[in-house]
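> Mind having a look at this structure? Questions to follow.
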Amino acid sequence: MSNAGEIVEYDLLIKEQMEKVDSLFEIELLTPDNTVFTRTPGGFLTLEYKSKTYPRINVFRAFPFTQPMRFISIRDASEKNEEIGMIGDLHDWPVETRELLLEQIGIRYFTPRIVKISSVKEEFGFAYWEVVTDRGDMKFTTSIWNPVIRIGGNRLLVNDLDSNRYEIDDLTKLSRREIKLIDLFL
Amino acid sequence: MNLKYDVPEGAEKVISGYEETIIYCLPFDVGSDGCLTDNCFVVATDLGLYVVIGSEVTERIDLKLICEIKCEVMVNGGILSVNCDYAERMLLRFTHKYLTQFSYFAKGVELLILGTDKIMISPEPERNCLLCGRILPGTKKCPRCSSRGRFLKRITAMIKPHLRGFLLITMMIILNSILLLTARYVERLFIDDFLIERTGGIYDVVRFFILVLAINITILGAAIFNNRKSARIGTLISRNLREQVYAKLQDCSLSFINDRRPGELINRVHRDTRRIQEFFETAFSRMFSTALSMIGAVTMMAIMDYKITLMALLTAPLILLISFISRKTFKRRFRAQWILEDKANNQLQDALSGIRVVKAFGREEYQSERFRELNGRLADRQSKNEKFWSTFNPAVGTLLAITSLIVLYMGGRNVISGVFSIGELAQFTGYSAILIGPLTWISMFPRQLVQAVTSMERIYDVLDEADEIPDHVTAIKAKIKGDVNFNNVGFGYKPYEPVLRNVSIEVKAGEMIGIVGPSGAGKSTMINLLIRLYDPDEGNILIDGRPLSEWDKSSYHSQIGVVLQETFLFSGSIYENIKYAKPNATEEEVIRASRIANAHDFITLFPDGYNTRVGDKGSTLSGGERQRIAIARAILSDPAILILDEATSSLDTETEFRIQEAIQRLTAGRTTFAIAHRLSTLRKSDRIIVIDGHKIAEFGKHRELMEQRGLYYDLVTAQLQMSRLDKRNVEKVGGESNG
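This is how it looks when you write it as structure tokens:
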């Protein structure tokens, strides 16, 4: 008797495992139709999805450099950031929701864009930068070894010593003087 | 790091109006609109939390209303969120500049909410110099602000043991300069007295020739002596420094070493000491002697004709300036080339070490293309640099030649007007050559000095570093019985990432304790604290009822045996590696330990037996073999406390079982801590700790935990089921193939 019962139990177990495996093959796709995002008074987002309410969700980019608007991962903040689902392309979403999501993305990926490089000075083995960004003026310090990385095409990321990042979105738009200032790091 | 900045005046008045004490104050640099700001602060008092913008308090939250405050790490920034009445709220944002401080701030406010009067302090050193705002190169003191006096003091300290050598060098340098100046004077006498007057015969020419030759040989001799002597002293000094730094690094706390990249520390041992050596070898003697000769030359020239001297000196700043600017350009250009070369090398190395992957995926063409592109850029850069160099060099040469021409022209006029004799003109131009020649490289000196200062700072940063875990004054050196207590222990490698919280356990001597839990939960961290690689941030650990910090470190370490997850073997023989824990162990003891660890058989089968070389450039051992050697090393010294961190994970079940039985017998009456993923490993444990979410989730005997039906139960049943599943699948496959 017990043997038969055990076998049933095993079969259940196998089924359960297989279902878990099956779920790996499909991306859980969130669409404007099956979700409701709401901004909380505290500045976060809640999500209603498949008749479940997530009091706070976090928004991540899967390809922050190459696909900033696509493959957005929505995760449950209270459950160790477990993935609820992904958004295929933010462009396909209604403006209001898109704005809400982009606000959260902007908070998570805080990357001032450098619009003008005023000076780069090297002293005692560090480079001291003074720049104007779209978020205001900024002074920061970088190492002199590879502080600037290329993220495809003419886009650059500058890493400072505090591991903050600044973006230069088009190298070719910089003036000759600015290029000369950072030439060393390119 | 500072956690209590000055509160803007207006806001301070408002806050003190509430009769509250300001405890923490931090600036935050991202405004609510996402723009950078520099006038926003958050203040915590004993009763409330304030947001200050400009000099105005824009918000006050009563601490009583806050049930949770968190510093959350984001990409390039972070947020401080508070949970008031179960509604989470983003209070403020900041960049990574203040991340560490905010993690302490959040912890500190948590303590305030609990009503304790414990105040958080941040042990992290400041990143910027408080005086000039420059970044500290991984050191505590700023190389610019605090070094002048210290640098001289250190240089003198280094020179002191070699004082005689330095005096000799100095004397030789003076002699050298005098002879250099004299040689020109002798030449003048020769020209004026013998050549112009035509009074001397061939005999005088020979005499002159011998005299000048003698002077030049003496100069050469002195220079050779100087170079050799300085090289000798420089090497001695740097050897001494290297030894000191190396010895000190062994004593430094792990957090000091972990805070710095290994490459950087290796650099401190090698590159920085070499820079100091170079400074003594070249800069010191060469600079000193050149400066002396130049001063001598200028003095002589000024005595002879100050007007021409001034003219000659007029071009000097120009030459200095040009060589200074050009050096910058050179540096820039050649560093760019160097970086490209490095990239090309890396690419090559990548492709070669990954050659199996490259071939397996058939991407040879792609790799070549990538290399071709990089190589093209490198070639471009090289040719540009070469062109620049070949244009620039003659240009500077010409400038130098023009300066000599000016001297020659004005001196020539003097000769015609009868102020100078021809000999004097020769003497004068000789001096001007002494003056102008070294100008091109003299501009290099400030840079060398800066490098030496920085290197010195980085070296002394290590040498001055106090042991973070200092031995207690009256350190205990007793024999360990084996009672281990964790008392509310809390710890995190980074302040904003706690790894263990409120860990409290009592272990009696002789118990075997198993530790299980998901990866990253803090199992190995517990072990790290127990072997005192780090001291806990909160609470303490008691060994035999006395705080671990009061035990003598080396005495304590000699009584514990450790097998760590990553079994590191040093370059050397297997014998030396096993003996590492107990240097005076006999061969018999080593063999006994190896037999217990089930390593004796495979070791004796090696052609070189226990003398087989392992580690770097040695023979490669399998993971299981390395683990067994590490186990032998750990049990060799008969430790009172044995710590096994996944010590048998690479072994097959049978071997594991045998080793366990042996260790069990060996460690009867000794305290053992064992971490394992394979729960069967722990079946002999007296009690089991389950760590989950940085806390102790369950602690008790196997039976008790199974009855609780908690996490441990889940883990055990899951492993059992999976192994049964495996078995069933095997049987199924077996059955099918039979049928």
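Listed in order, the protein sequences are those of chains E and U. Each residue of the first sequence is one higher than the last, beginning at 1 in the working numbering. Each residue of the second sequence is one higher than the last, beginning at 1001 in the working numbering. The C-beta atom is built at its ideal place from N, Cα and C for all residues, glycine as well.
Arg1060 (chain U) CB to nearest chain E CB: under 7 Å?
It does not: the Cβ of Arg1060 (chain U) has no partner Cβ on chain E nearer than 7 Å.
> If you draw a straight line from the C-alpha of Asp1483 (chain U) to the C-alpha of Gly1669 (chain U), how long is it?
Rounded to the nearest angstrom, the two C-alpha atoms are 11 Å apart.
> Measure the C-alpha to C-alpha separation of Tyr128 (chain E) and Ile105 (chain E) and round it to an integer number of angstroms.
29 Å
> Count the other CB atoms, across all protein chains shown, that sit within 10 Å of the CB of Met1 (chain E); report buried if there are 16 or more and exposed otherwise.
No answer about Met1 (chain E) holds up, because its pLDDT of 42 lies below 50 and its placement is not dependable.
> Starting from the beta carbon of Ile117 (chain E), find every residue of chain U whose beta carbon is closer than 8 Å, and list them in chain order.
Those within 8 Å of Ile117 (chain E) in chain U number zero; the least Cβ separation is about 16 Å.
> Give me, in chain order, the residues of the same chain whose beta-carbon lies closer than 7 Å to that of Thr1045 (chain U); leave out the 5 immediate sequence neighbours on both sides.
Around Thr1045 (chain U): Ile1015, Glu1020, Thr1021, Ile1022 and Ile1023.
> Please give me, in chain order, every unbroken run of the alpha helix (DSSP H) with length at least 4 that falls completely inside the segment 1436–1462 of chain U.
1439–1442
> Of all the options E:Arg39, E:Phe71 and E:Thr66, which has the alpha carbon lying nearest to the alpha carbon of Arg56 (chain E)?
E:Arg39
> Please tell me whether Ser1455 (chain U) and Arg1275 (chain U) are closer than 7 Å, where the distance is taken between their beta carbons.
Judged by beta-carbon spacing, Arg1275 (chain U) lies within the 7 Å limit of Ser1455 (chain U), meaning their Cβ atoms are closer than that value.
> Looking only at C-alpha atoms, which of U:Ala1581, U:Asn1488, U:Arg1678 and U:Phe1102 sits nearest to Leu1642 (chain U)?
U:Ala1581
> Between which residues of its own chain and Ile1578 (chain U) is the CB-CB distance below 7 Å, once the five residues before and five after are set aside?
If we look at Ile1578 (chain U) and ignore the five residues flanking it on each side, its Cβ neighbours are Val1590, Ala1593, Ser1594, Ile1629, Ala1632, Arg1633 and Leu1636.
> Going by other Cβ atoms of all chains shown within 10 Å of its Cβ, with 16 needed for buried, is Tyr166 (chain E) buried or exposed?
So Tyr166 (chain E) ends up on the buried side.
> Please confirm whether Phe1102 (chain U) and Met1172 (chain U) have their CB atoms less than 7 Å apart.
no
> Within 7 Å (strictly less), CB to CB, does His1694 (chain U) reach chain E?
Interface with chain E (7 Å Cβ-Cβ cutoff): His1694 (chain U) is excluded.
> Under a Cβ-count criterion, where at least 16 other Cβ atoms within 10 Å of its own Cβ denotes burial, should Arg177 (chain E) be classed as buried or exposed?
The residue in question, Arg177 (chain E), is exposed, as its Cβ has fewer than 16 Cβ neighbours within 10 Å.
> Which parts of the segment 1351–1405 of chain U are runs of the alpha helix (DSSP H), unbroken and 4 residues or longer, counting only runs that do not cross its ends?
1355–1360
> So, is Lys1387 (chain U) buried or exposed, given that buried needs 16 or more other C-beta atoms within 10 angstroms?
exposed
> Assuming Gly1624 (chain U) and Ser1650 (chain U) are in contact, meaning their beta carbons sit under 8 Å apart, how far apart are those beta carbons, in whole angstroms?
5 Å
> Using 7 Å as the limit for Cβ to Cβ distance, is Gly1017 (chain U) near chain E?
no
> Following the continuous alpha helix (DSSP H) through Asn1176 (chain U), name the residue where it begins and the one where it ends.
Leu1163 to Leu1189
> CB-CB under 6 Å to Leu12 (chain E), same chain, minus the five flanking residues each way: which ones, in chain order?
none
> Taking Ile1513 (chain U) as the reference, give the member of U:Ile1217, U:Pro1536, U:Cys1084 and U:Lys1701 with the closest Cα.
U:Lys1701
> Quick check: what's the CA-CA separation for Pro64 (chain E) versus Leu157 (chain E)?
12 Å
> Name, please, each residue of chain U whose Cβ falls closer than 7 Å to the Cβ of Met18 (chain E).
Chain-ordered listing is empty here: chain U has no CB closer than 7 Å to the CB of Met18 (chain E), the nearest sitting near 11 Å.
> State the start and end residues of the unbroken beta strand (DSSP E) segment that holds Phe1209 (chain U).
Where Phe1209 (chain U) is concerned, there is no enclosing beta strand (DSSP E), although the alpha helix (DSSP H) it sits in stretches over Ile1202 to Asp1251.
> Would you say Ala1087 (chain U) reaches chain E, if we count a Cβ-Cβ gap shorter than 7 Å as a contact?
Yes - at least one Cβ of chain E is within 7 Å of the one on Ala1087 (chain U).
> Taking the straight line between their C-alpha atoms, what separation do you get for Phe140 (chain E) and Ala1401 (chain U)?
Here the alpha carbons of Ala1401 (chain U) and Phe140 (chain E) stand approximately 45 Å from one another.
> Kindly list the residues whose CB is nearer than 7 Å to the CB of Leu1463 (chain U), restricted to its own chain and excluding five residues on each side of it in sequence; keep chain order.
Gln1244, Val1245 and Lys1248
> Using a C-beta cutoff of 7 Å, does Thr172 (chain E) count as contacting chain U?
no
> Would you list the one or two residues that DSSP bridges to Leu157 (chain E)?
As a beta-bridge residue in DSSP terms, Leu157 (chain E) pairs with E:Ile149 and E:Glu167.
> Nearest-angstrom Cα distance between Thr1403 (chain U) and Val1212 (chain U)?
26 Å
> Once you ignore the five residues that flank Ser119 (chain E) on each side, which residues in its own chain have a CB closer than 6 Å to its CB?
Glu130
> Who pairs with Leu45 (chain E) in a beta bridge, going by DSSP?
Looking at the DSSP output, Leu45 (chain E) shares a beta bridge with E:Arg39 and E:Ile57.
> Are the segment 1301–1317 of chain U and the segment 1181–1193 of chain U touching by the rule of at least three beta carbon pairs closer than 8 Å?
Short answer: they don't touch.
> What are the boundary residues of the beta strand (DSSP E) that Ala1044 (chain U) is part of?
Leu1036 to Thr1045
> Could you check if Ser1103 (chain U) belongs to the surroundings of the ligand MG, using beta carbon to heavy atom distance under 6 Å?
The ligand MG is not part of the structure shown, which contains no ligands of any sort.
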